[in-house]
Each structure stands twice: as structure tokens, then as C-alpha cells.
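Chains as they are written, first to last, in this note's numbering: chain A, 3 to 565; chain B, -9 to 287.
Positions of the beta carbon are idealized from the N, C-alpha and C atoms, including for glycine.
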Amino acid sequence: MPPDPSTAAPPRPPPSAALPAGISVDELRASLLLRARARLSALPDADVADLLSEAVFLERRRFADARGGLSPEDEDERRAVERASRAVHLSRREQEAALLALVDDYVGQIHNRFSPRTYRFATTVLPGGLSRLLQAGELRGLVGGAHDPLQRIRIEGDLPRLQRLVRSHTLMLTPTHLSNLDSPLIGYALYAAGLPPFIYGAGLNLFSNPLMAFFMSRLGAYTVDRRKRHQLYKDTLKDYSTESVLRGRHSLFFPGGTRARSGEVEQGVKKGLLGTGLIAWQEALRIERAGGPKARDVLVVPCTLTYAMVLEAETLIEDALKESGQRRYIISDDAFSEPRTIATFAQQILALDASVIVRFGDPVDLFGNPVDEAGRSLGHAGEPIDPRAYVCDAEGVVQEDPQRDRVYTAALSRALVQAWSRDNTAMETHLAAFAAYRLLCLRTPRRSTWERMFLSEEERTLPRSALLAAIGALRDRLDALVSAGQLRAALPEGPKRDAETLSLALDRFGRFHREACLSAVGADGVRVAPKLALYYSNRLAHYGLQDVALDVPAAPRPLVESP
Amino acid sequence: MNVAILGSGQWGRSLAMLTAEAGHQPMMGYRGDPPRGFQGSPNLAALCREVELVIVAVPAHEVRGLLDVARPGPQNRVVLATRGLEPETGRWLSQVVLDETSCLRVGALAGPAIASEISARRPSAMVAASAFDEVAALTQKALHSPICRIYTSNDLVGVEMAGALVRVLAVAVGVADALQLGVGVQAVVVTRGLAEGRRLGKALGAAEGTFSGLSGVGELVAAGKHPEHPGTSVGKRLAVQGGADEGIAREAAALLTLAKRYKVNLPLTEAVGAIAAGKIKPRLAIDMLMRREATSE
């Protein structure tokens, strides 16, 4: 595989002048309460009452539905909700006070008291600790002795530019989300790329795993409790993000929301947190106009994470197939419940070359425009443009228009989706799974996706030669996509590239999952696990590869179609 | 409010007249001779720097070239008063604005307003659509007057789609008229055209009622009634003289590509596309449409 010119050996982090100052929880609490108070005062009486009723109702339901009883923290929260509930039928003033008391609690729960001192400690100790962890135990041999397994994580992108921009701009890093490993991976990638820590909202469930909690609490994470569904909590989270960006803190969040259940590169984003950059920037412009410090421009950095294998693939695709991703928002009992499983998986995947790629994409401004080396917005012909004109009038006064801002954020989200798609890297596991699943579809054209998950062993065993031919045909189209800059690839080259692709995929798939996605059957057959094949093939969905003509492999015996 | 109108043809001048009627100062961007009776400039880029609202009133195939010269920027709102898709690429004209400029606030103006009738100060109505409320509202403010009602909509996709589809369906109206097939057939074209518009609109995520509004049915009815409507004129010419019309053929092909992608059936559009491409005689196309398998409404 040719080296990426932009991928030098990961630089060590410089003594960063861009370390964000810690924010005291009291200072933050005061700012967020001020925002909440302003928002409440703009609402009519009925909406204030609704906001409180919704919070009480949804929280009570959460406590009632809690399996295995309430934790001490949940008990505290339940008491706070009951206190707030007393105001539901009282005056507006008392309702507002109850809502603000809840916000006050939420600020404490969300904030992590990040401090540069903690960060310096973490960046000194953590990489070594992580390496030792990955090299520990009976699987030490797999990681190749003297090699630092973390060196196997490929970190790509224009890192020198990001190292410069991080000093002059506030960056919002927006990665794709496939696995719970993403959080520590990004934390490590930021460190290895020579970038300062970014704050980010990590799901509460990640903190329940001691191993993950260790990394989370040291990588600038604040806590997001996704069990809290009411608007008041969501608004507090958005205010937290807005306040952080306004104070120049670099932040990271997964715009897709949760892990992509289907394995696809996200095709849409949740715009709540993404929109806070624009809100914060406009506030900074107002402060500047009122004689305050010059507004620091905000840039959004798309980031694409690619794994040859995903630890939670089986649970995630099950969930996608059930089409209940919204309801089962948090999967609490997947492969991530076991610290040992994570360590084993991390050891396995880092034993392989180029099996984990973190690609920092080209930064864009808050409207999705590209920026130059200095972070200045560029028009379509490469001419410099003034992004302030999108939100200010001719006199330079910011015009408040939340509806306009939502449309701008939608434009930004489209730019992100395009960047993720461009920066996605096709690996041998994805290509082989795509070829195999496509052949299964062609072989069983009348079956639904769901029926296809239950094919007999004979039906899901493909001739090796047909699979190799399909890989070859797809590879040609894939190479054209790579040449056109629509996709990246980390695939074998040379005259035996297709056989090597299949052989590598079989090897990798054989390492971890309970049932391998693809496994060799004798010398001439390959058995396909349809769910996993669907999951891994989805990484190459949306590139038009399904239009590539493939030869349909003969069925091993006459198929009995379902009625 | 200063409003720039790029394009000084009959349609551009009609829009300038509406702007003045609404109490604003139209500034016309022109190439060649300056239009009489209006202020303007041949320096389109300078004009765009001076105004908030830029209305584009040139034929669809000229839009990209015009934007390349005018270069509207982040401060502008660009409203396309041109119907149809870009013939060469099949792209929505709003997409062409996003392709070519750093302007994000884009809208479209459509409806049964006909230049000659506006010039005669006859009452008319149009819809201004944009995902940005402020763009639709600004366009309404710029053009709304006692002689022209401007309605707002945030369904840009629906209004652009209606504008493009009506241009093609109007050809079918013209064909039916020239072949003297009767009022019934014209009504069938309008109602079944409405069904095609609804199907395609739904697939594209447009609002359900948009095609039933001014930009869809409104303009289609006007096409049937107005002897000089561009689409109807093309239909009449093809029915009487035969031949082909490359522009309509390309637009129909672009719509059909879109329909294929979203698995939507557009038989009338398909027939017009074949007629405009010179692949089939108009009378035979009507016959084939009538012989399609019986179905429910």
C-alpha cells in the first residue's frame, strides 16, 4: 500500500500554547443559568408549564422503567424531580425557579472539571499505559513484539495545518461514529497528531465500564446522559456546548448521534450540537462589536474513522435490522459491557497493519465553505470571502434569525456528509463483504433483506471463483472512484490483488466475531454470515457499486422460494 | 430596498416594473444596450455588491454563465425567476447557484404570471420559495403590489420541480391543442400532469400541496389558456411541423432520470420527451398513451 504523503510518523504533541483554560464549575453554572433564564423569559406561560411537565413526566417514566432499581445518583435525581414537580400547578415564577434548579443540577452532572494539569498528566501517562495494556496478557505475541501497537493506527490528513489553525481558531471536530472505541481512539489521535485536547460529550454508558471511564475522564470528556430525553436537558447540553465554543475551547462530538447501526458512513447528522458553533460565533461577533475582544472564528473539521473490523458489529446490525434504533438508543449489553473483551479486541485489531485509520479532513467554515491555510473562508473559485456577510447586515450588525441559522447548519451538515464519504477508506474486509453480500442478493433476488439473514448453509456458501470475480469487477469501479477523489482505499495492489484481498479478509474476519463474516469452506467455497456481510458491505453503500454487473453464482441446489 | 434584476429581456423588464410598482428601486443588470426606463449597469458584479436581493431572469441555459460573471456573494439573496432545469446538466437552477457562487441564500419565483400581461398591468400572482424564510419574505416585499400578489413558501424543491415539469407538460397541452383533440384531452393533460407532479414531488421530499398551487397547476392552466406560452408554442410547432426541440428533450430526459432514480412513473413526461427528441410522431404518442394498461386513479 503506498504511503499517504500527508501521513508522516505521528508527531509528538508540542508543549501546547493552545491548552484551554479550565472553567470553574461555578463560573459555568452562572453562565448557563443566565442562558436558561433568558430562554425561559422569552417563552409564554403555557410553554414554561409544558417544559416543566415534560421534564417531570419523562423523568418519572425513566425512573419507573429502570431495571434493577435506581443507583444512588438516580435516587438523588428522582428526589430533585419530585421537588420540581410540586411547581407544576403553581405560578410561572415558581415553575421557572423549579426549572432553573434542575438546570443547576444538570450543569454539575455534565461538567467534568477539565484542567490542563489533568491533561498533561494524562498525555504523559496514557499512551504508555495504553500500549502496555494492549501488549499485556496472553495475546502479547499478536502485536508483534517490539512494535508499539499504537503506531499501527494510521493518522492521516493535513496535520501541520491543523496544528496551526488550532492556535488561531476554535475547532469543532466531527467524526463518524462506528464503535465505542471511537472515543479513546480520537483521544489518542488528537494526542498523536500534536493537537491539544478537545472537550467532548461522552455517553454516560461509557463511564460505566471502568476501562473506558479511565480514558474518558482523562481525555476531556463531559457527560451526556442520553436517558434524559426532555427538552430542558437537551437545551442545557446545547448551552454547555455554546458556552465552551464561545470561550474558545475546541470541542468534539459525533454529529451522527449514536454509533451507525448499519455500518454505513453517516448520510445525515443531528443538527443540535452542530448548530451551537454558529450561535457561539454570532455571540462573539456581538461582543466584538460592543467593544469586546475580536471574535475567534470557528472551523469545523470532518474526521472519518475506518476500522477493518468493528467490535460491536453483531449487536449493531441486529439493531439496524430490527429498525428500532431510536427506541433502543442505548445498547447496554453489547460487546462493550466487558472490559476484557475490549482489550482483547483492541489487541487483535492493532496486531494488523492499516486496520484502523483516523483521517482528519479539510476544515470548513460554519457554512460548509473550504478555508485556506490561514483558515480564511474561500468561495467556489478559491476567492477569499467574508463569512460575516452571511449573518450581518451591511453595517456589520449581526441579524438574529434562528430559522436562517438552521438552514445554514443544514448546509454545513451536507458538507460534512460529503467529506466523510470522500474520506472513507475502503478496506479488504469491506470490499470482500460487499462482493459476498451482493452475490447473495443476486442469488436470492426474491428474498427480502430479513429473509436473507436466514439462508441455509448451502445457500450462503459461494464458489470462491465467483467471489474473486466479483471482487475484481468491484475493484475496477472502486479504483475509478478513488481516482475521482470520491473515496479512498487501502487495498492490496499487483497482479494477485483480488486473491490477496480475499485472503486478507478471510484472515481478518476469522479473528474475532463469534461467527466469521466470511470463512473458507474447503478449497473452493466461502461461507457468508449474512448479517455481518451486510454490516461490513454497508461501508461501501452510496457509491453506486451495486450497479456493477456481476455474474450470478449458480445455486447449489434448486431454491425453494418463500411464499 | 435596492433590487438587482439580472437579465433585461421582456421577463426581466416585467419584474423590474413589478419592483417599481411595489415601491422599490430596481437596478437592471444587462449586457448590450441599456434597457430604457430603468437604472442599471453592465457591471453585474458591482451591482451584486450594492444590493441584498438579486433576481435572475435569463433563460435556464444562460444562468451558469451569468453567475460566473456576476459572482453574488455571502451577503446576497439570489432568487431565480427562471423555470426549468439546467439543460446541459439536468441540475436544479438553485443547485447551479450553490455550485457557482458562495451565496447560500437561494430562492425561486414561479407561477402563472406572463410578461405581456404584467406589462399590460393585468392582475397576477406568483410564489416565492426558499428554505430561508427571510429570502421568501424579502422577495415578497420586493415584488408584492396591487397588480401582483406574491405568496411565500419554504418548499424550494417543490416549486423548482413544478416549474421544470410544467415546462414539459405545457408541450403536451400545445400538442393536444394543435391536433384539435378537444378540451377534454387538455383537461386530461392538466389532471394527469398534476398526478405526475405529485408523485415526483413526494419522492423528492416536496410538500404535498405545492404542485396544486401557483407554480404547478396555476402555471399549467395558464399554459393551456395562453397562446404564446413558450411550452405550448413548442408543442404546437412540433405537432404541426414535426422536427425536434433539443431544450425540451433534454429537460424531459433530466426529469426522467430523476424519476427513474426515485422509481416514479411519468408517462406524459416520457411521451413529451420522445416527441421533443423527434423519436415519435405526436399523434402516435397520444395513441400509445391511451393504449396503456387500464389503472386506477
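Query, Result
"Helix or strand or just coil, what does DSSP make of I265/B?", "helix"
"Sort out for me which residues DSSP pairs N(-8)/B with in a bridge.", "Q15/B"
"Count Cβ pairs between the region 117 to 129 of chain B and the region 67 to 84 of chain B that sit closer than 8 Å; are there 3 or more?", "yes"
"For a test of the three-state rule: what should DSSP assign to R228/A, helix, strand or coil?", "coil"
"Assuming the contact rule is C-beta atoms closer than 8 Å, A213/B and T222/B should be a hit. Round their C-beta distance to whole Å, please.", "5 Å"
"When you compare only the Cα positions, how much space is there between R529/A and T446/A?", "15 Å"
"Go through its chain and collect everything with a Cβ distance to A413/A's Cβ below 8 Å, but skip five positions before and after it.", "F369 and G370"
"Could you pull the DSSP bridge partners for N362/A from this structure?", "Reading off the sequence shown, one finds Phe at residue 362/A, where the question assumed Asn. Answer by DSSP bridge pairing, in chain order: C305/A."
"What residues in the region 101 to 125 of chain B bring their beta carbon closer than 8 Å to a beta carbon of chain A?", "A121, F122, D123 and E124"
"Check whether the Cβ atoms of T259/B and A242/B sit closer than 7 Å, and answer yes or no.", "yes"
"Could you work out which residues of chain A lie near S135/B, taking near to mean beta carbons separated by less than 9 Å?", "Chain A residues near S135/B: none, gap ~25 Å exceeds 9 Å."
"For G398/A, which residues from the same chain have a beta carbon less than 8 Å from its beta carbon, with the 5 sequence-adjacent residues on both sides left out?", "R291 and R390"
"Determine, using beta carbons only, whether G381/A comes closer than 7 Å to chain B.", "yes"
"Specify the secondary structure class of Q328/A as computed by DSSP and reduced to three states.", "Note on Q328/A: pLDDT 43, under 50, position unreliable in the model; no value is reported."
"Short check: CB of A475/A to CB of L542/A, under 7 Å?", "no"
"Scan the region 382 to 408 of chain A for residues whose Cβ lies nearer than 7 Å to a Cβ of chain B and list them as they occur along the chain.", "H382, I387, D388, P389, A391, Y392, D403, Q405 and R406"
"With a cut-off of 8 Å on the beta carbons, I'd call A472/A and L441/A a contact; round off their distance for me.", "6 Å"
"How about A297/A and M429/A: are their beta carbons less than 7 Å apart?", "no"
"Following the continuous beta strand (DSSP E) through G474/A, name the residue where it begins and the one where it ends.", "Note, G474/A: premise wrong, no beta strand (DSSP E); alpha helix (DSSP H) at R466 to S485."
"Residues bridged to P25/B by DSSP?", "In the DSSP output, where bridge partners are listed per residue, P25/B has none listed."
"With a cut-off of 7 Å, does the C-beta of T247/B fall near any C-beta of chain A?", "no"
"Beta carbons nearer than 7 Å to chain A: which residues of the region 57 to 81 of chain B have them?", "G63, P64 and Q65"
"So M174/A and V302/A are supposed to be a Cβ contact under 8 Å. How far apart are they, rounded?", "5 Å"
"Considering only C-alpha positions, which residue in the set L246/B, L210/B, A261/B and G268/B is nearest to E236/B?", "G268/B"
"On the three-state DSSP scale, how would you describe A148/A?", "Note that A148/A has pLDDT 45, beneath the 50 cutoff, so the model's placement of it is unreliable and the number below is only indicative. In the structure shown, A148/A sits in coil (DSSP, three-state: anything other than H, G, I, E or B)."
"To the nearest angstrom, how far is the alpha carbon of T142/B from that of S135/B?", "14 Å"
"From the beta carbon of A413/A, is the nearest beta carbon of chain B less than 7 Å away?", "yes"
"When you compare the CB positions of V400/A and V393/A, do they come within less than 7 Å of one another, or not?", "yes"
"Assuming the contact rule is C-beta atoms closer than 8 Å, T2/A and H179/A should be a hit. Round their C-beta distance to whole Å, please.", "For chain A, the structure presents residues 3 to 565; residue 2/A sits outside this window and is missing."
"Cβ closer than 8 Å: which chain C residues qualify as neighbours of Y410/A?", "Absent from the structure: chain C. Protein chains present are A and B."
"Measure the Cβ-Cβ separation of G203/A and V168/A and say whether it is below 7 Å.", "no"
"With a CB to CB cut of under 8 Å and the five nearest residues on each side skipped, what residues in its chain are close to A162/B?", "V179, G183, G225, L258, A261 and V262"
"Between which two residues does the beta strand (DSSP E) harbouring E150/B extend?", "Unbroken run through E150/B is the alpha helix (DSSP H), L146 to A168; no beta strand (DSSP E)."
"Taking the alpha-carbon of R95/B as reference, which of D425/A, R406/A, T427/A and S185/A has the nearest alpha-carbon?", "R406/A"
"In this structure, does DSSP put T446/A in helix, strand or coil?", "coil"
"Identify the continuous alpha helix (DSSP H) that holds E158/A and give its terminal residues.", "Not the alpha helix (DSSP H): E158/A falls in the beta strand (DSSP E), residues I155 to E158."
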